[in-house]
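Here the sequence shown stands for residues 1 to 284, where the numbers follow the numbering used here. What follows is one structure encoded as structure tokens, with my remarks underneath.
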Amino acid sequence: SLSRGGAVWDLATGAQRWAPEPNSENCADRGYGGGKALVAIRGCGDYSSPQLTVQPLNPVTGKAVSSYALPRGVQYAHIVSTDPLVVAAEVGSGAGAGSGVSDYFSIDAKTGKLRSRIAADANKYGGKCDSTNVEGCRYMVVGNDRLYLPTEEHDGGGDTGRVNEILSFDLATGKQTSDKADSGTRYAIYPLRMDGGNLVAYKRPPYDKGGQVVSIDGGTFKQTVLLENPSDKSVRDVETSFSLDGAELRFQNGRLYIADTILSAESSYSGDEKRYLVAGFTTG
Numbered sequence: 001s002l003s004r005g006g007a008v009w010d011l012a013t014g015a016q017r018w019a020p021e022p023n024s025e026n027c028a029d030r031g032y033g034g035g036k037a038l039v040a041i042r043g044c045g046d047y048s049s050p051q052l053t054v055q056p057l058n059p060v061t062g063k064a065v066s067s068y069a070l071p072r073g074v075q076y077a078h079i080v081s082t083d084p085l086v087v088a089a090e091v092g093s094g095a096g097a098g099s100g101v102s103d104y105f106s107i108d109a110k111t112g113k114l115r116s117r118i119a120a121d122a123n124k125y126g127g128k129c130d131s132t133n134v135e136g137c138r139y140m141v142v143g144n145d146r147l148y149l150p151t152e153e154h155d156g157g158g159d160t161g162r163v164n165e166i167l168s169f170d171l172a173t174g175k176q177t178s179d180k181a182d183s184g185t186r187y188a189i190y191p192l193r194m195d196g197g198n199l200v201a202y203k204r205p206p207y208d209k210g211g212q213v214v215s216i217d218g219g220t221f222k223q224t225v226l227l228e229n230p231s232d233k234s235v236r237d238v239e240t241s242f243s244l245d246g247a248e249l250r251f252q253n254g255r256l257y258i259a260d261t262i263l264s265a266e267s268s269y270s271g272d273e274k275r276y277l278v279a280g281f282t283t284g
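This is the structure we're talking about:
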């Protein structure tokens with residue numbers, strides 16, 4: 001029998017709460033999602049063709065509260081939210097453009113039953129999950145019992161240039177709602193997190209403007225600007241030096257932080273171009 005997976009210690013006492021148990025099915029926890037609840041992605045069987053299950057856990061005992069089996073052959077799954085429970089996965093080769101996601105699974109954590117399954121065409125919807133990470137998906141947010149996703153950028157027609165939108169799906173039914181937040185001319189908009197019942201989003205700017213952070217009303221979907229960066233070239237050069245595909249963004253207390261997630265050696269092609277690991281922007 002094998003004993004692989006995760007173990008948990010109590011931070012107050014240092015005592016071990018639970019550890020992997022030997023089993024003959026070659027099962028092990030692949031990773032965990034935290035926050036309001038603790039959820040494991042557990043894999044059993046052959047690594048090249050595993051059976052992955054989603055298991056909300058009792059954080060004290062490590063015992064599964066419920067279990068939902070993902071479609072056979074899904075190799076990697078990603079926890080978007082633990083409460084309500086939403087998991088993203090690539091089923092078959094359905095993620096197409098490399099988003100890492102073809103489907104979202106809305107699951108009842110208490111019973112382990114599927115509430116809804118949302119198919120996400122990677123040619124239409126944005127968001128990104130790194131293939132092997134259980135947590136850390138970017139630009140997909142859960143709140144108000146809805147899943148908020150950005151669309152891929154597309155031609156807006158006329159002089160609007162490339163634009164995109166944020167849309168939402170009802171987690172109970174899996175159907176798209178009437179919510180729609182437009183990026184605006186030559187901007188691109190990406191959801192970051194919830195703020196109560198409102199959605200906080202970042203708007204990547206065109207070449208001659210500064211970026212924005214907006215609050216989107218959860219009921220009306222009306223946008224309110226919380227922060228707008230200066231359009232000065234010195235500021236624009238810093239902000240636009242980050243690639244959103246590989247950046248981490250946080251907005252808190254009126255400050256926007258952008259950080260690169262990958263370090264690389266300086267290239268001869270860089271010339272005098274400045275490169276930044278992290279940058280902060282503020283309203284004051």
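All residues carry an ideal CB built from backbone N, CA and C; glycine is no exception.
Quick one: Cα of residue i to Cα of residue j, how far?
i, j, result
"GLY5", "ARG30", "7 Å"
"PRO20", "ALA7", "6 Å"
"VAL163", "TYR104", "24 Å"
"ARG117", "ALA88", "10 Å"
"VAL278", "TYR257", "7 Å"
"ASP232", "GLY219", "35 Å"
"THR185", "ASN198", "23 Å"
"PRO40", "ASN23", "The residue you asked about is not Pro; residue 40 is Ala in the sequence shown. Cα to Cα, ALA40 sits roughly 17 Å from ASN23."
"ASN123", "TYR139", "15 Å"
"GLN176", "ASP217", "17 Å"
"ALA64", "GLU266", "47 Å"
"LEU244", "TYR276", "13 Å"
"SER48", "ALA120", "24 Å"
Drop a sphere of 10 angstroms on the beta-carbon of residue i, count the other beta-carbons inside from all chains shown, and report buried for 16 or more, exposed for fewer.
i, result
"ASN253", "exposed"
"ALA109", "buried"
"PRO71", "exposed"
"ASP179", "buried"
"SER81", "buried"
"GLU90", "buried"
"SER168", "buried"
"ALA12", "exposed"
"ARG42", "buried"
"GLY14", "exposed"
"ASN58", "exposed"
For residue i, which residues in the same chain have their Cβ closer than 7 Å to its Cβ, ignoring the five residues on either side in sequence?
i, result
"ASN229", "GLY210, GLY211, VAL235, GLU239, PHE281"
"THR224", "VAL214, SER215"
"ARG17", "VAL8, TRP9, ASP10, VAL60, GLY62"
"CYS44", "GLU25, ASN26, CYS27, PRO50, GLN51"
"ALA37", "PRO56, THR82, ASP83, ALA109"
"ASP155", "ARG162"
"GLY158", "none"
Closest to residue i by CA distance: which of the options is it?
i, options, result
"ASP182", "GLY196, ARG72, PRO206, LYS222", "LYS222"
"LEU142", "GLY174, GLY157, PRO56", "Looking at the sequence provided, one finds Val at residue 142 rather than Leu. Out of GLY174, GLY157, PRO56, GLY174 has the C-alpha closest to the C-alpha of VAL142."
"ASP46", "CYS27, ALA188, ASP179, LEU57", "CYS27"
"SER215", "ASP208, GLN75, ILE79, ARG193", "ARG193"
"LYS274", "GLY246, ASP237, ASP208", "ASP237"
"GLY33", "SER168, SER243, GLU266, CYS137", "CYS137"
"SER264", "PHE251, PRO206, ALA279, GLY246", "GLY246"
"TYR76", "THR177, THR13, THR53", "THR53"
"ILE166", "PRO150, GLY197, GLY157, LYS124", "PRO150"
"GLU135", "LEU256, TYR207, HIS78", "HIS78"
"TYR207", "LEU227, THR177, SER241, VAL39", "SER241"
"PRO191", "TYR276, GLY197, ASP121, ALA201", "ALA201"
"ASP195", "SER48, PHE251, GLY14, ASN133", "PHE251"
"ASN133", "GLY100, ARG255, ASP159, GLY158", "GLY100"
"LEU227", "ARG255, ASP217, LEU244, SER243", "ARG255"
Ignore the nearest five residues each way along the sequence and tell me which others in residue i's own chain have a CB closer than 8 Å to its CB.
i, result
"THR111", "SER66"
"GLY92", "GLY73, SER102"
"SER106", "PRO84, LEU85, VAL86, LEU114, ARG115, SER116, ARG117, ILE118, LEU147, LEU171, ALA172, GLY174"
"GLY35", "SER81, THR82, ASP83"
Take residue i and list the residues in its own chain whose beta-carbon comes closer than 6 Å to its own, dropping the five residues that flank it on each side.
i, result
"ALA188", "GLU153, ASN164, ARG204"
"GLU248", "ALA259, THR261"
Exercise. Is there contact here, the segment 128-135 with the segment 143-150, by at least three beta-carbon pairs under 8 Å?
Worked result: By the Cβ criterion, the segment 128-135 is not in contact with the segment 143-150, since fewer than three pairs of Cβ atoms, one from each stretch, lie closer than 8 Å.
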